[in-house]
Every structure is written in C-alpha cells, then in structure tokens.
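Throughout the sequence shown, residue numbering follows the numbering used here, covering 1002 to 1278 in sequence.
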Amino acid sequence: MLMNFAGRSLDLARCHVMGILNVTPDSFSDGGRFNQRDAALVQARRMVNDGAAFVDIGGESTRPGSASISVQEELDRVCPVVEAIAAELDTVISVDTSTPEVMTESVRLGASFINDVRALQRDGAVKAAVEAGVPVCLTHMKGQPGDMQVKPEYDNVSREVASFLMSRVRLVEEAGVLARHILLDPGFGFGKNLNHNLELLAGLAQMRALGYPVLVGVSRKSMLGEITGRDVSERLPAGLAAATIAAMKGASIIRVHDVRETVDAVKVVAAMEEVVQ
Ligand code: YH5
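Right, dumping it as structure tokens:
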C-alpha cells in the first residue's frame, strides 16, 4: 500500500512516525524570525535522525481555547521553516493547517502532505488541496478549538466520526482529490471527552476498515493526563502505550512530540507482526 508524497514513496501498510514541529511564538520563547527558523531546523534534524518519516509543521495552535491568527501571520511562521527543511532534510514535510493560502504556498516550497484538522472545510481549502496534488489527512473535529471541549455529546461516537469523515471523503473526491491521496484521523481531543476518545481508540480497526490509511495524534493530550493523573511534561509513558495500541490496530502514521521513543515502540509492533504465525 504505497502512498506517493511528491516523489517519496512510503508503504502505509507499515506504521510510520510523524514528528510535531510547532512554530507558534510560545514554542520558541526568545522570538525573532531567524531564531525561530534555526530553532525549528535543529528540532527537525533531530526528529529525522530519530527516525521520523514525516515532520509536521504547524503555525496555528488548535489547543482547546486557543485564539486564531491571521493568514499572513501563519504564512510568516510556516513558510521559512518549510523552505529551510526542504533544502536540507530527506523527509516528508507535512503542514498542519486549515488555511488554503498556507497549503498552496507550503507545497510550492516543498511540503508534500496537507494535514488539516478541519478536514478542508474552510472556503477554498478543497480547491487548494486539489491543485496542490499531494496526500491529505482529513480529521474529525466537533465544534471549533474555542468551544470544542465544552460538553461534547454523541449518540455513537465511532459511528458519527466515521460518517462525518466519509461524507468529507465523498466531497473531496468529487472535487478531484485522489482516493489514493486520502488519510483519515478520528481527531483525538477535538470535541471529545475521555470516554469518546477511548471508544475511538478501541474502534480504530473499524476506522481502518473504511479503506483509507489512518493517522493518530494522542501525544501529550489531556486524555493521557486524565487517565494517569500526570502533567503534560510527564505523559510520555502513557503516550507510548497509546501509540502501541494504535499501531496494533492498524494506524499508518502516529503523530508525536517524542519521536525517538515512539519509533522504538512502533518497531516492537512491526517486529511482532513480521513473524508468520
Ligand atoms: C491530531 O490529532 N492534533 S494539534 C493539546 C495538547 C497536546 C497536543 C497538552 N494536530 C492533531 O497536538 N493533526 C493536532 O495538550 C493534529 N491529528 C492530526 N492529523 C493538537 C495537539 C495537542 C493538543
């Protein structure tokens, strides 16, 4: 099951690790555009060295309650980093954005994966993705980052998430996104309480059975804090357990902050699955 990322082919029958690279002002507190770009490049080098197949660059914080930023601000944060990484590193550059202008410009500068937590619902996003011609991840989110964690409710969370994602799949395929360029993501923490998140994790194999590779992002998220009682800085062991479960249930990409450790966890799952029983 090969997927082509602008010339780089990856077998999504195996599980790969995507490293998270935040380029929000609070992620590099000393500020300054050059500082930011260099700090991001240092972090990206380390992630690729640690075995990340993807580096996911995001300029807009989508954490619960976070404020939105202008298109120009997002372009100014993301583009220099995409350009610097594309010039130096052998990796698939993913851009974590919902903004059509950022999709278009990032792909022009060397990104080859669009990771949109709003599933291309912003005006112009479907067209930008079609014209970019690269793989896209469609993620489920109930509500908006500002209000999504205020009492989210579902009749059947797995069914509702699958039905939302498949309606987006139909729409984007109709518009010209290739079926072989689509990944799905249940959107852990995006308008879900702990029970919803756990049901989705338990049902991940059914999501995979929809016929599209699955991406999972649980790294450091509050569901891990709720389960363990740990602060965000102490959630790595819980994150590795969640990543292991996701890999065993057929996830193709695990999006994480801690690349080195997650690559090892995924290797254990892959080694077990290579044994012919
Ligand atoms: C995702 O799940 N998530 S940004 C709150 C946290 C920690 C981390 C401490 N982009 C996803 O990572 N893209 C984000 O609390 C994503 N899937 C995909 N495809 C949120 C994030 C985070 C939020």
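Even glycine gets a Cβ: it sits at the ideal position worked out from N, Cα and C. Remember, it's a predicted structure, so these values are computed and weren't measured experimentally.
What is the rounded straight-line gap between the Cα of V1162 and the Cα of K1250?
-> Stepping through the sequence shown from its first residue, residue 1162 is reached at position 161. Stepping through the sequence shown from its first residue, residue 1250 is reached at position 249. About 17 Å.
Cα-Cα, which of V1217, V1276, G1240 is closest to E1227?
-> In the sequence shown, counting from the first residue as 1, residue 1227 sits at position 226. Of the listed residues, the one whose Cα sits closest to E1227 is G1240.
Is it true that the stretch 1111–1122 meets the stretch 1065–1073, where meeting means three or more beta-carbon pairs spaced less than 8 Å apart?
-> no
What distance in whole Å lies between the Cβ atoms of V1260 and A1053, which are believed to be in contact at a cut-off of 8 Å?
-> Locating residue 1053 in the sequence shown gives position 52, counting from the first residue. Locating residue 1260 in the sequence shown gives position 259, counting from the first residue. The Cβ separation is near 5 Å, so the contact holds.
Out of curiosity, what's the CA-to-CA distance linking N1194 and T1100?
-> The residue given as residue 1194 occupies position 193 in the sequence shown. The residue given as residue 1100 occupies position 99 in the sequence shown. Between N1194 and T1100, the C-alpha separation is close to 27 Å.
Should the stretch 1075–1093 be called in touch with the stretch 1035–1044, which here means at least 3 C-beta pairs below 8 Å?
-> yes
Report back the beta-carbon spacing between R1169 and L1139 to the nearest angstrom; my notes put them in contact at under 8 Å.
-> Your numbering for residue 1169 matches position 168 in the sequence shown. Your numbering for residue 1139 matches position 138 in the sequence shown. Confirmed, Cβ separation roughly 5 Å.
Does DSSP put H1182 in a helix, in a strand, or in coil?
-> Along the sequence shown, read from residue 1 onward, the residue named residue 1182 stands at position 181. Residue state, collapsed to three classes: helix.
Reference Q1150; option with closest CA among V1096, M1224, R1047 = As a first step, residue 1150 is located in the sequence shown; it is residue number 149 there, counting from the start. With distances taken between Cα atoms, Q1150 lies closest to M1224.
Got a sec: does the ligand YH5 put a non-hydrogen atom nearer than 7 Å to the Cβ of P1256?
-> What you label residue 1256 is simply residue 255 of the sequence shown in a count that begins at 1. The sequence shown places Arg at residue 1256, rather than the Pro named in the question. The answer is yes for R1256.
Nearest to V1267 by CA position, among M1019, M1002, R1009, L1003, is which residue?
-> Locating residue 1267 in the sequence shown gives position 266, where the first residue counts as 1. Comparing Cα-Cα distances from V1267 to each of M1019, M1002, R1009, L1003, the minimum goes to M1019.
Measure the alpha-carbon distance for G1244 versus I1255 and round it to whole angstroms.
-> By one-based count along the sequence shown, residue 1244 stands at place 243. By one-based count along the sequence shown, residue 1255 stands at place 254. Per the sequence shown, the amino acid found at residue 1244 is Ala instead of Gly. Straight-line Cα distance between these residues: approximately 7 Å.
Look at the alpha carbon of A994 and the alpha carbon of M1167, and state the distance between them as a whole number of angstroms.
-> Because the chain spans 1002 through 1278 in this model, residue 994 falls outside it and cannot be assessed.
Report the three-state DSSP secondary structure of V1269 (helix, strand or coil).
-> Locating residue 1269 in the sequence shown gives position 268, where the first residue counts as 1. If DSSP states are grouped into helix, strand and coil, V1269 belongs with the helices.
Would D1232 be called buried (16 or more neighbouring beta carbons within 10 Å of its own) or exposed?
-> To locate residue 1232, count along the sequence shown from 1; it is residue 231. Label assigned to D1232: exposed.
Candidates T1063, C1080, L1202, A1045: which alpha carbon is nearest V1056's?
-> Sequence index remark: in the sequence shown, residue 1056 carries index 55 (1-based). Looking at the Cα atoms, A1045 is the closest of the given residues.
For N1157, three-class secondary structure by DSSP = Along the sequence shown, read from residue 1 onward, the residue named residue 1157 stands at position 156. DSSP places N1157 in coil when its eight states are reduced to three.
T1263 beta carbon near the ligand YH5 (any heavy atom closer than 7 Å) | Here the question's residue 1263 lines up with position 262 in the sequence shown. The answer is no for T1263.
According to DSSP, residues forming a beta bridge with C1080 | Locating residue 1080 in the sequence shown gives position 79, where the first residue counts as 1. DSSP, once it has assigned bridges, lists no residue as partnering C1080.
Taking only heavy atoms of the ligand YH5 into account, decide whether any of them is closer than 7 Å to the Cβ of D1186.
-> In the sequence shown, residue 1186 corresponds to position 185, counting from 1. D1186 Cβ: within cutoff of the ligand YH5.
From the DSSP output, read off the bridge partner residues of G1020.
-> Residue numbering aside, residue 1020 sits at position 19 when the sequence shown is read from its first letter. BP columns for G1020 point to V1056, V1257.
Close beta carbons around V1118, own chain, < 6 Å, minus the five adjacent residues each side | Along the sequence shown, read from residue 1 onward, the residue named residue 1118 stands at position 117. Same-chain partners within the cutoff: T1063, T1140, M1142.
Do you know offhand how far N1198's Cα is from V1108's?
-> In the sequence shown, counting from the first residue as 1, residue 1198 sits at position 197. In the sequence shown, counting from the first residue as 1, residue 1108 sits at position 107. Computed Cα separation, rounded: 32 Å.
Over what stretch of residues does the beta strand (DSSP E) that includes S1095 continue unbroken?
-> Taking the sequence shown and counting its residues from 1, one reaches residue 1095 at position 94. Start and end: 1093–1097.
Check whether the Cβ of G1218 lies closer than 7 Å to any heavy atom of the ligand YH5, and answer yes or no.
-> Counting from 1 along the sequence shown, the entry for residue 1218 is found at position 217. Answer for G1218: yes, Cβ within range of the ligand YH5.
Unbroken alpha helix (DSSP H) runs of length 4 or more, entirely within the stretch 1121–1150: which are they?
-> 1126–1133
Can you list, in chain order, the residues of its chain whose CB lies under 6 Å from that of F1029, leaving out five sequence neighbours each side?
-> Numbered from its first residue, the sequence shown carries residue 1029 at position 28. For F1029, the predicted model reports a pLDDT of 49, less than 50, meaning its position is unreliable; a value from the coordinates is still stated below. Counting only Cβ-Cβ distances below 6 Å, and skipping sequence neighbours, we find Q1037, A1040.
Within the present structure, is the beta-carbon of S1223 separated from the nearest heavy atom of the ligand YH5 by less than 7 Å?
-> The residue given as residue 1223 occupies position 222 in the sequence shown. Correct: S1223 has its Cβ closer than 7 Å to the ligand YH5.
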